[in-house]
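For the sequence shown, the positions run -27 to -1, 1 to 115 when mature numbering (1 follows the signal peptide of the UniProt record, and there is no 0) is used.
Cβ atoms here follow ideal geometry from the backbone N, Cα and C, with glycine treated the same way.
Note that the structure is predicted; figures quoted are calculated from it, not measured.
In what follows, a structure is listed as structure tokens, so that the remarks can point back to it.
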Amino acid sequence: MRTARRFLSVLAVAGLATFGVPAAAMAEVGTQDTGMRLQAAAASAWQGKCAKGDVCVWSGRNGTGTRCAWNGNDPDWQGGAVQCRPHGFKVQSVWNNGYQGKYDTVWFYQKANYRQGIYDPLPPSSSGHNIKPTTMRSHQWK
């Protein structure tokens, strides 16, 4: 039990140092009932790869399953430049591996053409995050 508490304390400090917010707050990001609930994936469990400059989503946890990746906006994942068919699965992990600067944060939407925003913005990070299973259809960098 002591080891588990020590491990959780280390995670909390790491979350504060990395993102400037407590790890507990990171696990419950989201302001709407459809808001994102980021869960930091353990480094050893994360399997997904996402090219620098891209935003990536996966159908499974820890970057597993079907993956879709973009380096720009997509108003319709089913009809855009990248044909991602999320209607067959719910997104369970995300990674914004974009560059810091202008237009570095990604916003996701349930509907095409950036309608029905479902998440708080996803800033760039050095690793992916697990989320509650969610249907997505478009995204844009802001």
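task: Could you check if SER66 is buried or exposed, using at least 16 other CB atoms within 10 Å of its CB as the buried criterion?
output: Position 93 of the sequence shown, counted from the first residue, corresponds to residue 66. Buried: at least 16 other Cβ atoms inside 10 Å.
Report back the beta-carbon spacing between GLY101 and TRP19 to the nearest angstrom; my notes put them in contact at under 8 Å. For this step, residue 101 is matched to residue 128 along the sequence shown. For this step, residue 19 is matched to residue 46 along the sequence shown. GLY101 to TRP19, Cβ: 6 Å. Contact.
ask   = Taking the DSSP output, what are the residues bridged to GLY90?
value = Residue 90 sits at position 117 when you count from the first residue of the sequence shown. The partner list for GLY90 (beta bridge, DSSP) reads TYR82.
Taking just the CA atoms, how far does GLN113 sit from PRO106?
Within the sequence shown, residue 106 is the residue found at index 133, counting from 1. Within the sequence shown, residue 113 is the residue found at index 140, counting from 1. Approximately 20 Å between the Cα atoms of the pair.
Q) What's the C-alpha gap between THR4 and ASP93? A) If you number the sequence shown from 1, residue 4 lands on position 31. If you number the sequence shown from 1, residue 93 lands on position 120. Note that THR4 scores a pLDDT of 34, beneath 50, so its modelled location is shaky and nothing firm can be said.
Would you mind stating whether TRP31 and GLY45 have Cβ atoms separated by less than 8 Å? Counted from its first residue, the sequence shown places residue 31 at position 58. Counted from its first residue, the sequence shown places residue 45 at position 72. No; because the gap between Cβ atoms is not below 8 Å, this pair is not in contact.
Task: Distance cut-off 7 Å: ALA42 Cβ against heavy atoms of the ligand NAP - done: Absent from the structure shown: the ligand NAP. Ligands present: none.
Measuring only the C-alpha atoms, how far is ASP27 from GLN89? Residue mapping note: residue 27 aligns to position 54 of the sequence shown, counting from 1. Residue mapping note: residue 89 aligns to position 116 of the sequence shown, counting from 1. Those two C-alpha atoms are separated by around 22 Å.
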